[in-house]
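Step one of this worksheet: look at the structure below.
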Amino acid sequence: MTDVSELDLLAFFEVEPERDEYLLTYTVGTSSELQLLFQYNPIENYIQTTLKVAGEKLMTVSHDAVSRMWIDGAALGAEFAYRDHTVRLTLSVRPRIHVEWVGLRTA
Numbered sequence: 180m181t182d183v184s185e186l187d188l189l190a191f192f193e194v195e196p197e198r199d200e201y202l203l204t205y206t207v208g209t210s211s212e213l214q215l216l217f218q219y220n221p222i223e224n225y226i227q228t229t230l231k232v233a234g235e236k237l238m239t240v241s242h243d244a245v246s247r248m249w250i251d252g253a254a255l256g257a258e259f260a261y262r263d264h265t266v267r268l269t270l271s272v273r274p275r276i277h278v279e280w281v282g283l284r285t286a
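So the sequence shown is numbered by my numbering: it starts at 180 and just counts up by one.
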């Protein structure tokens with residue numbers, strides 16, 4: 180499913196994750212500015228991103244069925260393959276937080 184280990188995610192986010200059973204939550208940013216919560220559950224096979232501004236939730240996007248996840252330099256990528264479409268996540272946290280979710284129909 181994925182070639183990214185917990186050690187790879189630790190190096191990418193540069194913070195220890197909070198753990199709840201198999202759910203790993205990496206939080207980057209500050210509470211007074213933009214904050215990203217990246218949640219990954221390798222057992223249930225999903226990723227969720229939440230953006231907050233000054234502690235207030237701005238948006239949450241979640242997808243299950245992670246088919247591939249990788250780190251390429253300063254970007255983390257993930258792909259979610261469904262029967263007739265693909266969703267891709269591209270995420271970076273340095274020098275600034277950037278999260279992009281794109282869904283494309285493949286059939």
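Every residue, glycine too, gets a C-beta built ideally from N, C-alpha and C.
Bear in mind that the values here come from a model prediction, so they are computed numbers and not experimental data.
- Asp182 carries a coil assignment under DSSP once its states are collapsed to helix, strand and coil.
- Note: Ser271 is bridge-paired with His277 in the DSSP secondary-structure output.
- Thr285 counts as exposed, since fewer than 16 other beta carbons sit within 10 angstroms of its beta carbon.
- Under the Cβ criterion (8 Å, minimum of three pairs), the stretch 265-280 counts as touching the stretch 207-216.
- Leu213 sits away from Thr229, with the two beta carbons spaced by 8 Å or more.
- In the three-state reduction of the DSSP assignment, Ala253 falls in the coil class, being assigned neither a helical nor a strand state.
- Inter-residue distance for Ala253 and Leu186 is about 15 Å (C-alpha atoms, whole angstroms).
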